[in-house]
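Heads up, my numbering is the position in the sequence shown plus 530, with the first residue counted as 1.
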Amino acid sequence: MQSPPLGADLEAAIERLPDAVLIADDERKYIYANPAACRLLGIDRSQLIGRTLGDFTVLEDDAVSGAWRAFLLSGVQTGSFRLRRPDGVVRDAEFSAVANIRPGIHISFLRDVTEQKRAVEALAESERLAKEAEAALCLSERRYRSVMEQSPLSMQVFAPTGETLSVNRAWCSLWGADAGQLRGYNILQDQQLIDRGLMVYVQRAFAGETQELPPVSYRPPSGIYQGQEIWVRAVMYPIKDDAGRVCEVVLIHENITEIERQQTERAAQADELARSNAELQRFAYVASHDLKEPMRNVTIFAQLLDRRYRTKLDSDAISYIDEIIRSAKRMSEMIAGLLEYSRIGLQRDLVLKEVDMRDLLSHALENLKLSIAQTGAAIDIGPLPRISCAPLEIVQLWQNLVGNAIKYGGDPPSIDISAEADHAEWIFAVRDQGIGIAPHLHQKIFELFKRLHARDYPGTGLGLTICKAIVERHHGRIWVESEEGKGATFRFTLPK
Ligand code: ADP
531 MQSPPLGADL EAAIERLPDA VLIADDERKY IYANPAACRL LGIDRSQLIG
581 RTLGDFTVLE DDAVSGAWRA FLLSGVQTGS FRLRRPDGVV RDAEFSAVAN
631 IRPGIHISFL RDVTEQKRAV EALAESERLA KEAEAALCLS ERRYRSVMEQ
681 SPLSMQVFAP TGETLSVNRA WCSLWGADAG QLRGYNILQD QQLIDRGLMV
731 YVQRAFAGET QELPPVSYRP PSGIYQGQEI WVRAVMYPIK DDAGRVCEVV
781 LIHENITEIE RQQTERAAQA DELARSNAEL QRFAYVASHD LKEPMRNVTI
831 FAQLLDRRYR TKLDSDAISY IDEIIRSAKR MSEMIAGLLE YSRIGLQRDL
881 VLKEVDMRDL LSHALENLKL SIAQTGAAID IGPLPRISCA PLEIVQLWQN
931 LVGNAIKYGG DPPSIDISAE ADHAEWIFAV RDQGIGIAPH LHQKIFELFK
981 RLHARDYPGT GLGLTICKAI VERHHGRIWV ESEEGKGATF RFTLPK
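Right, dumping it as structure tokens:
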């Protein structure tokens, strides 16, 4: 090891100095390094001697030589640079150097400032982040403000104590007041809200739960709706801080006067419709009931005429009487159907019973046994479920559908009856292979007295109307799938 070319006292002091001291010759080669310098550069003294600064910096060689020349010229240099140790560790250092402390001998003092530099950088970064966060906050505050101002909904913001912090433009125009008039107002003591039973919602919102208040009506004393009744729907949102404490509560009012008016109107119309329907049904019932008697008399007297005077009448008169009897019979059937139909509408509440659908179908087939026997109809029945229904009405439903399938189902009729489950309902089907129905008539056939084949088949045109009434009373649907000449499948649903 070489000793520093200085006096012995100075040499001892430099050896103990916590700062790195390096002495170099004119060729930049280190001729001395104190222990602090060896620690800083991460290298043994024996290996350090003879090396140059170039071995320890991240700078290019040219830059190092330039700086060296400038140093020799100026005689003193201070600055900072980034050094790379042989083990690859990079450190930041500050230095002061004095050239030619003796001719051809140059000294430099280095201090490791990596930690300070990092601390300064970290501080700058955290300041930058804080600024960014503040800018974001400003932006979201601005956004919140402009959304609030532009919103067509009336908004009012409360402090946790219940006092108003701010209101928006829509609020001012709805209530005809300005924010100044709210001084001294505290929502938690609002007597109107207490009287209307709404305070419980307000309190819950202030306790941290979002609340939807039931619609209420007001008559604002001023503003665009002054003196008029308006309906308002309100929602209250608590805004919480990071700790979950409510720091503001927002009250949003929506003016639903128009919606409410339309709803009331619709409800009144529905009531009116139900009332007139019920009246119509009662009328149909009374009319058809009262028509039965005179109709029976027409039939009886026409038959009497026929029996007693047939021999005395000419053939024209006899055919007229036959026509009277036929028409009277048809009229009686129609009256009976109408009576049946109006009866279904008049029974308001369904009395539901849990029954086996198979039993109800058997009952209907029993009523149809004559026509089944006469036509030789083949009826195939799949598994049927138990359901909850008004049993007699469902017997009638089967009877009408299977009756039609026999009547319009070909010769001999071949009929399939089945059921399938679908989510919350059962779908039942009666399928025949008969004359079918053109698609544009699929809706029509469910209308009162609507018949497509009146000339060729007997009937009143009421069977499917009654089916529809029964199914709809059970909250189900009924429809037909068919094409002309390709058979028909009538399906109806009933809730499970
Ligand atoms: P109707 O007493 O005439 O049978 P419905 O109300 O039961 O009265 O049926 C209305 C019309 O729908 C019938 O006149 C017939 O034209 C048609 N229709 C009903 N069921 C079928 C079917 N299974 N196949 C073809 N047409 C049918």
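Backbone N, C-alpha and C fix where the C-beta goes; we use that ideal spot for every residue, glycine too.
Small disclaimer: the values here were computed from a predicted structure and weren't measured.
Outcome for residue i when other beta-carbon atoms lying within 10 angstroms are tallied against a minimum of 16
| i | result |
| --- | --- |
| residue 1024 | buried |
| residue 997 | buried |
| residue 789 | exposed |
| residue 566 | buried |
| residue 813 | exposed |
| residue 664 | exposed |
| residue 850 | exposed |
| residue 762 | buried |
| residue 741 | buried |
| residue 953 | exposed |
| residue 531 | Confidence at residue 531 is low in this model, with a pLDDT of 45, below 50, so its placement is unreliable and no value can be given for it. |
| residue 907 | buried |
| residue 925 | buried |
| residue 832 | buried |
| residue 930 | buried |
| residue 872 | buried |
| residue 923 | buried |
| residue 995 | buried |
| residue 960 | buried |
Reference residue i; option with closest CA among the options
| i | options | result |
| --- | --- | --- |
| residue 1020 | 1009, 1026, 729, 941 | 1009 |
| residue 586 | 971, 930, 615 | 615 |
| residue 879 | 548, 1002, 867 | 1002 |
| residue 927 | 707, 905, 1022 | 1022 |
| residue 471 | 993, 802, 758, 578 | Because the chain here runs from 531 to 1026, residue 471 falls outside it and cannot be looked at. |
| residue 972 | 935, 738, 982 | 982 |
| residue 725 | 746, 969, 682 | 746 |
| residue 786 | 768, 764, 805, 771 | 764 |
| residue 893 | 560, 932, 576 | 932 |
| residue 1034 | 920, 902, 869, 859 | No information on residue 1034 is available, as it lies outside the stretch 531 to 1026 that the chain covers here. |
| residue 815 | 860, 658, 866, 669 | 866 |
| residue 769 | 859, 689, 611 | 689 |
| residue 987 | 943, 960, 1018, 937 | 937 |
| residue 1017 | 1004, 968, 845 | 968 |
| residue 771 | 738, 811, 782, 621 | 738 |
| residue 970 | 784, 1012, 958, 991 | 1012 |
| residue 904 | 670, 943, 562, 755 | 943 |
| residue 918 | 575, 1006, 612 | 1006 |
| residue 627 | 910, 795, 599 | 599 |
| residue 736 | 999, 748, 669, 687 | 687 |
| residue 861 | 729, 991, 837, 810 | 991 |
| residue 782 | 683, 792, 820, 840 | 683 |
| residue 611 | 899, 594, 668, 660 | 594 |
| residue 646 | 791, 624, 842, 1004 | 624 |
Sheet register partners of residue i (DSSP bridge)
| i | result |
| --- | --- |
| residue 562 | 553 |
| residue 640 | 550, 625 |
| residue 947 | 911, 960 |
| residue 768 | 779 |
| residue 1011 | 1019 |
| residue 763 | 784 |
| residue 693 | 716 |
| residue 1025 | 955 |
Inter-residue CB distance, residue i and residue j (contact presumed, cutoff 8 Å)
| i | j | result |
| --- | --- | --- |
| residue 750 | residue 701 | Their Cβ separation, rounded to whole angstroms, is 11 Å, which puts residue 750 and residue 701 out of contact at 8 Å. |
| residue 619 | residue 572 | 6 Å |
| residue 609 | residue 555 | The pair is not a contact, with the Cβ atoms about 21 Å apart (cut-off 8 Å). |
| residue 629 | residue 589 | Actually they are not in contact, since the Cβ atoms of residue 629 and residue 589 sit about 19 Å apart, beyond 8 Å. |
| residue 963 | residue 940 | 5 Å |
| residue 712 | residue 731 | Contact flag wrong, Cβ pair sits at about 20 Å. |
| residue 692 | residue 717 | 5 Å |
| residue 818 | residue 868 | 4 Å |
| residue 563 | residue 544 | 10 Å between Cβ atoms; not a contact. |
| residue 891 | residue 902 | Actually they do not touch by this definition, with Cβ atoms about 13 Å apart. |
| residue 575 | residue 568 | 5 Å |
| residue 1044 | residue 965 | This structure gives no information on residue 1044, because the portion of the chain shown stretches from 531 to 1026. |
| residue 848 | residue 837 | Wrong, their Cβ atoms sit about 12 Å apart, outside the cutoff. |
Check whether the segment 772-780 and the segment 667-677 are in contact - that is, three or more C-beta pairs closer than 8 Å. no
Do the segment 851-859 and the segment 820-836 make contact, defined as three or more Cβ pairs closer than 8 Å? yes
Inter-stretch contact at 8 Å, needing at least 3 Cβ pairs: the segment 940-947 / the segment 907-914: yes
Whether or not the segment 539-550 and the segment 625-640 are in contact is what I'm after, with contact meaning three or more pairs of Cβ atoms, one per stretch, closer than 8 Å; do they touch? yes
How would the residue list near the ligand COA read, in chain order, if you kept each one whose beta-carbon is closer than 7 Å to any heavy atom? With respect to the ligand COA, the structure offers nothing, as its ligand set consists of the ligand ADP.
Evaluate contact between the segment 799-806 and the segment 682-698, counting only Cβ atoms and requiring at least three cross-stretch pairs below 8 Å. no
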